[in-house]
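Residue numbers (full-length UniProt numbering): 1 to 395. Here is the structure we will look at, set down as structure tokens.
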């Protein structure tokens, strides 16, 4: 493409060149740039095209530039990290997981609360924090909580004008539905009404249940973020044995630490920007190493970069709090205790993380250098895999 500039300026020659890069879940990741062109007859070599970006105000007359589009690749092209399994084709299983992740990610919108003028993001956080407490009291599984979270966010995405006095009813109803799906012995309806301290009656919960189910079109089987974490953790030290993928092969203590980070992140509405698989991989990136996160998820940095940067403040807040002890419960097998949802984060931790996130954002905006900007945000991430062994993950 050739373009003549305004009168009085030298001509600038631009050429279009498209390149494929891994998919990104956030528009903050750069998808087009202007870079110097090569002389005619000299195609772009491998590894080129990622030069330091030049701001438009520094472009000089007579300079030739190439407009570079960075198109994202389909998620379905992510190679399967799953081992061979006896009960299905691992490639088919992986494909289904990716499709489901994409479908449900599109059902959750980051601006869902804009559809409800009386609701604020803090109200959502307070509700979720309370639901976590309820889960621990009744020994409900982490999957149950994350199912209820998914139902809540998807409901808020498709509905409008939910009033703040309806929020607790909506939350406890979502948990009621999730418990019936996930728990072998779910609490009784009367117990769900009881924990609301009279705010919600049994009949109201039953009526709201039907409203929620219709709004969600009875789509109640997402691959939740905690499910993705379970898969990733299982893949860390998987061998070629087909039996290894059936029973947990990872440290429960290590799982609890990462799950805690996820609990904190999901209290913030910023999580709605990203798919569950990306959020889980980013948490593993912060709590283990980049090599491990990329290997078990088949992601690359451009896939999880935006989410990892967003999560950095939450990861630092969790690390500053120190490790949390795994809890054990009566009538719950020790090897299953890590799957019980525990209340290990609170609203104060969320506030500190959000304050730190704002500091990082303001600091990055003050820097005109995009590379330095990215470094400042990701400096909170863990050391590279060369400084962290797999043995550390099994302790």
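Beta carbons are placed, not taken as given, at the ideal position from N, Cα and C, and that holds for glycine.
Under 8 Å, with one C-beta from each stretch per pair, do the stretch 262-282 and the stretch 310-322 reach the 3-pair mark?
Yes: at least three Cβ pairs fall under 8 Å.
Tell me the DSSP secondary structure of residue 340 in three-state form.
Note: residue 340 maps to strand in three-state DSSP.
Could you tell me the boundaries of the alpha helix (DSSP H) in which residue 274 lies?
From DSSP, residue 274 is part of no alpha helix (DSSP H); its letter is neither H nor E.
Taking the straight line between their C-alpha atoms, what separation do you get for residue 318 and residue 260?
Each residue's Cα considered, the two are about 8 Å apart.
From residue 93 to residue 329, what distance separates their C-alpha atoms?
Each residue's CA atom was taken as its position, placing residue 93 and residue 329 some 34 Å apart.
Cα-Cα separation, residue 248 to residue 180
Taking the Cα positions, residue 248 is about 24 Å away from residue 180.
Whose C-beta lies closer than 6 Å to the C-beta of residue 174 among residues of the same chain, with five residues either side of it excluded?
Correct list, in chain order: 148, 151, 152.
How long is the line joining the alpha carbons of residue 270 and residue 304, rounded to whole angstroms?
Across the structure, residue 270 and residue 304 are spaced so that their CA atoms are roughly 14 Å apart.
Between which two residues does the alpha helix (DSSP H) containing residue 119 stretch?
First-last for residue 119: undefined, no H or E at that position.
According to DSSP, is residue 141 part of a helix, a strand, or is it coil?
In the three-state reduction of the DSSP assignment, residue 141 falls in the strand class.
Have a look at residue 392 and residue 89 and give me their C-alpha separation to the nearest angstrom.
With a pLDDT of 47 at residue 392, under the threshold of 50, the modelled position of that residue is not reliable, and the figure given next carries that caveat. When rounded, the distance between both Cα atoms is 32 Å.
When burial is assigned at 16 or more other CB atoms within 10 Å of the CB, is residue 334 buried or exposed?
Exposed.
Quick one, which of 172, 196, 108 has its alpha-carbon nearest residue 158's?
Among 172, 196, 108, the Cα nearest to that of residue 158 belongs to 108.
If you count every other CB in all the chains shown that lies within 10 Å of the CB of residue 212, and 16 or more means buried, which is it?
Counting C-beta atoms within 10 angstroms of its own C-beta, residue 212 has 16 or more neighbours from the protein chains shown and is therefore classed as buried.
Do you know whose CA, among 295, 198, 162, 164, lies nearest residue 78's CA?
Closest in alpha carbon position to residue 78, among 295, 198, 162, 164, is 295.
Relative to the C-alpha of residue 338, which residue among 115, 80, 139 is closest?
Cα-wise, what sits closest to residue 338 is 139.
Compute the Euclidean distance between the alpha carbons of residue 323 and residue 307, then round it to the nearest angstrom.
Looking at the two C-alpha atoms, the distance is approximately 23 Å.
Distance, Cα to Cα, residue 327 vs residue 366?
Looking at the two C-alpha atoms, the distance is approximately 43 Å.
Just list the alpha helix (DSSP H) runs in the stretch 252-322, keeping only unbroken ones of 4 residues or longer that don't cross its boundaries, in chain order.
Assignment of alpha helix (DSSP H) within the stretch 252-322, counting only whole runs of 4 or more residues, yields 252-266, 276-287, 290-297, 301-321 in chain order.
Shortest alpha-carbon distance to residue 82 belongs to which of 351, 289, 309, 237?
Residue 82 has its Cα closest to that of 237, out of 351, 289, 309, 237.
Between the stretch 118-130 and the stretch 162-173, do at least 3 Cβ pairs fall closer than 8 Å?
With the rule of 3 Cβ pairs closer than 8 Å, the stretch 118-130 counts as touching the stretch 162-173.
What are the boundary residues of the alpha helix (DSSP H) that residue 94 is part of?
Start and end: 90-106.
Please work out which residues of its chain come closer than 7 Å, Cβ to Cβ, to residue 398, disregarding the five sequence neighbours upstream and downstream, and give them in chain order.
Because the chain here runs from 1 to 395, residue 398 falls outside it and cannot be looked at.
Tell me which residues share the same chain as residue 349 and place their Cβ nearer than 8 Å to its Cβ, disregarding the 5 neighbours each side in the sequence.
Closer than 8 Å at Cβ, skipping near neighbours: 264, 317, 318, 321.
Distance check for residue 146 and residue 293, CA to CA, integer angstroms please.
Take the alpha-carbon of residue 293 and the one of residue 146: they are about 21 Å apart.
Cβ pair residue 160, residue 116 closer than 8 Å:
Yes. Within cutoff.
Does the stretch 214-228 touch the stretch 94-106, meaning 3 or more C-beta pairs lie closer than 8 Å?
Contact check between the stretch 94-106 and the stretch 214-228: three or more CB pairs, one atom from each, fall below 8 Å, which counts as touching.
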